[in-house]
Amino acid sequence: MIYLAESGSTKTDAVILNPDGSEVCRVNTIGFNPYFHTSESIGKEMAKVDTIQKYGKSITQVYFYGSGCSSDKLCAVVSKGLAMVFPNAKILVDHDLKACAYSTYTGQPAISCILGTGSNSVYFDGKDIETLDSGLGFILGDEGSASHIGKKLITSYFYRTMPAKLRVKFAEKYNLDKDYVVKKVYQNDHANVYLAGFAPFANTHIDNPFCWEAVFSSFRDFVEFHVLGFPQAREVPIHFVGSVGYHFKDILKDVLLYFDLEAGNIIQKPLEGLIKYHREHVLPSVKTLKSS
0 MIYLAESGST KTDAVILNPD GSEVCRVNTI GFNPYFHTSE SIGKEMAKVD TIQKYGKSIT
60 QVYFYGSGCS SDKLCAVVSK GLAMVFPNAK ILVDHDLKAC AYSTYTGQPA ISCILGTGSN
120 SVYFDGKDIE TLDSGLGFIL GDEGSASHIG KKLITSYFYR TMPAKLRVKF AEKYNLDKDY
180 VVKKVYQNDH ANVYLAGFAP FANTHIDNPF CWEAVFSSFR DFVEFHVLGF PQAREVPIHF
240 VGSVGYHFKD ILKDVLLYFD LEAGNIIQKP LEGLIKYHRE HVLPSVKTLK SS
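Start counting the sequence shown at 0; every next residue gets the next number (numbering that gives the first Met the number 0).
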């Protein structure tokens with residue numbers, strides 16, 4: 000059996016497949032990022048999931064695409080954790096950028112972007128993957144992401160640049176004691192997820208010009224820094240995966256139009272496309288290797 004997973008910093012969407020690619024069941028867990036999790040914590044969290052307990056020893060192949068899995072050392076952190084619950088499996092851990100590229104692949108070259116808790120981009124021609132290596136994480140970058148939008152809102156609240164009526168609504172929804180907020184940002188292992196928690200406020204109040212501009216400017220910065228850097232940007236469609244791009248897709252299309260770029264697919268969750276890609280391009284090659 001095969002365990003195929005796509006993990007962001009907040010949650011993991013996964014599926015268990017039979018060797019022929021048919022679906023057994025879906026699995027949902029918290030997100031696992033090697034910057035914030037140890038191998039031990041990953042193994043313990045996975046062991047709590049009933050479905051993993053049921054099928055863990057029957058899994059022979061694991062494909063895990065995760066946020067933060069950008070080097071051999073970081074991938075090893077996740078791989079060791081997964082090995083605790085999949086003892087009989089060959090485990091492949093790779094960057095969630097590959098999941099983004101694979102899940103949006105339509106047979107033609109494209110730029111694929113992640114707009115979720117964090118953000119990133121990749122060019123994929125069906126064979127080779129090219130990145131800009133421009134990601135700086137949520138403190139210095141992550142433009143276009145939920146954490147970036149959330150940071151814009153929280154700073155505008157404390158700087159008092161947020162309109163007064165909107166500021167009152169913001170204060171009614173969140174604990175905005177300054178000491179509490181600073182502690183959550185600077186002394187919290189999951190500060191990016193905390194900041195991302197403010198982004199839904201922009202969605203709720205998107206008819207307010209201030210919130211609209213916060214999202215538009217965040218997306219504009221993302222495209223300027225993480226899309227236009229690809230020489231192919233004006234020649235191929237720009238695909239997006241992630242809840243932020245999906246929920247704000249109308250604004251995202253406005254930004255692409257602003258830069259005269261072609262909008263591609265905008266999907267919330269990459270798992271369906273990832274399953275399709277593996278069924279068509281990965282599992283057949285595995286079967287061929289086993290039969291030869």
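No residue lacks a Cβ here, since even glycine has one placed at the ideal position from N, Cα and C.
One alpha carbon belongs to Leu96, the other to Phe63, and they sit about 12 angstroms apart.
Gly149 is a Cβ neighbour of Ala195, given a cutoff of 8 angstroms.
The Cβ-Cβ distance between Val192 and Thr9 falls below 8 angstroms. The region 182-258 is shown to contain whole beta strand (DSSP E) runs of 3 or more residues at 237-240, in chain order.
Between Ile58 and Phe85, the C-beta spacing is below 8 angstroms. Shown here for Tyr101: same chain residues with a beta carbon closer than 6 angstroms to its own, the five before and five after excluded, namely Leu273, Tyr276 in chain order. Rounded to the nearest angstrom, the gap between the Cα atoms of Tyr173 and Leu152 is 12 angstroms.
In the three-state DSSP reduction, Glu271 falls in the helix class (H, G or I). With a beta-carbon spacing of about 28 angstroms, Tyr104 and Gly80 fall beyond the 8 angstroms limit used to define contacts.
Assignment of Cys99 by DSSP, reduced to helix, strand and coil, places it in the helix class.
Asn264 is bridged by DSSP to nothing; it lacks a bridge partner. Annotation: the continuous beta strand (DSSP E) that includes Val26 extends over 22-29.
Taken in chain order, the complete beta strand (DSSP E) segments of 3 residues or longer contained in the region 1-69 are 1-6, 10-16, 22-29, 60-65. Taken through DSSP and simplified to helix, strand or coil, Tyr104 comes out as coil. With contacts defined as CB atoms closer than 8 angstroms, Phe31 and Val77 qualify as a contacting pair. Going by C-alpha positions, Leu114 is about 17 angstroms away from Leu260. Using a Cβ distance threshold of 8 angstroms, Gln52 and Ile1 do not count as a contacting pair.
Inclusion of Leu282 and Glu5 in the CB contact set at 8 angstroms is not warranted, their separation being larger than that value.
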